[in-house]
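Going by full-length UniProt numbering, 17 is the number at position 17 of the sequence shown; the sequence numbering is gapless.
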Amino acid sequence: MNVYLDDIRNAPDGWVCVRWPSEAIALLKTGLVKKISLDHDLGDDAIGTGYDVLLWIEEAVATNNFSPPEIVIHSANISARHKMELAIDNIKKLNNGVHMRDAICILEEMSRNGFSVIVKIDGERWGDEHPKPYTVIIFGGNMVNNQSHRFDSDNFLDAVAAAVDCYKKQNQQLE
């Protein structure tokens, strides 16, 4: 299903038209939405904007393994469009193939398989002009392979994805 959120314009053929963020979110919760097109200004900011839908998608991806649909912005509001594009970029980063719950499970599996796993999330990284949250994941070898690996990133899931890729490659070499 394709969903078109707009308070004035009608949806193109083949799209379901909704007028409010709550309606769009209800359809997203069904898991049937393949593509969503968002306007920002919907006439009553107290009820919500297209950006609120993006915030819901972002949280659902980060906490519930939600698989987001393709997202398009058709808002004429240039500053809001920019903010929405940044939100979409963040959703894409969160949805890079490793979800939070899966990431923790994989790190636990690595530990159960004899690897020492250290996850350090700092409030800032030394030497940065503008400190920001930073993740370091270190895992050391098990009884068979005593090699250590370190993965640094300003995105937790990117660091986990890199560690998981390395872990999987090591397991393939042992087989």
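The beta-carbon is built from N, C-alpha and C at its ideal position, and this holds for glycine as well.
Check: Of the choices 44, 102, 140, 91, whose alpha-carbon is the least far from that of residue 113?
Finding: 140
Margin query: Using CA atoms only, rank isn't needed, just tell me which of 62, 63, 87, 64 is closest to residue 72.
Written below: 87
Margin query: Can you give me the C-alpha to C-alpha distance between residue 18 and residue 4, rounded to a whole angstrom?
Written below: 6 Å
Note to self: Among 30, 20, 35, 68, whose alpha-carbon lies nearest the alpha-carbon of residue 48?
What the structure shows: 20
Margin query: Just to confirm before moving on: does the CB-CB distance between residue 69 and residue 36 stay below 8 Å?
Written below: yes
Notebook entry, point to check: Which of the three DSSP states, helix, strand or coil, is assigned to residue 31?
Noted result: coil
Margin query: Going by beta-carbon coordinates alone, are residue 74 and residue 38 separated by less than 8 Å?
Written below: yes
Note to self: On the DSSP bridge list, what partners appear for residue 2?
What the structure shows: 15, 35
Notebook entry, point to check: Cα separation between residue 78 and residue 95?
Noted result: 26 Å
Check: Which value, in whole angstroms, describes the spacing of the CA atoms of residue 151 and residue 8?
Finding: 48 Å
Check: Can you name the residues that DSSP bridges to residue 116?
Finding: 140
Note to self: Between the alpha carbons of residue 115 and residue 170, how many angstroms are there, rounded?
What the structure shows: 11 Å
Next item on the list: Could you pull the start and end residues of the alpha helix (DSSP H) that residue 153 belongs to?
Entry: First-last for residue 153: 149-153, but that is the beta strand (DSSP E), not the alpha helix (DSSP H).
Margin query: Can you give me the C-alpha to C-alpha distance between residue 93 and residue 50, rounded to a whole angstrom?
Written below: 20 Å
Next item on the list: Using alpha carbons as the reference points, say which of 120, 160, 156, 6 lies closest to residue 40.
Entry: 6
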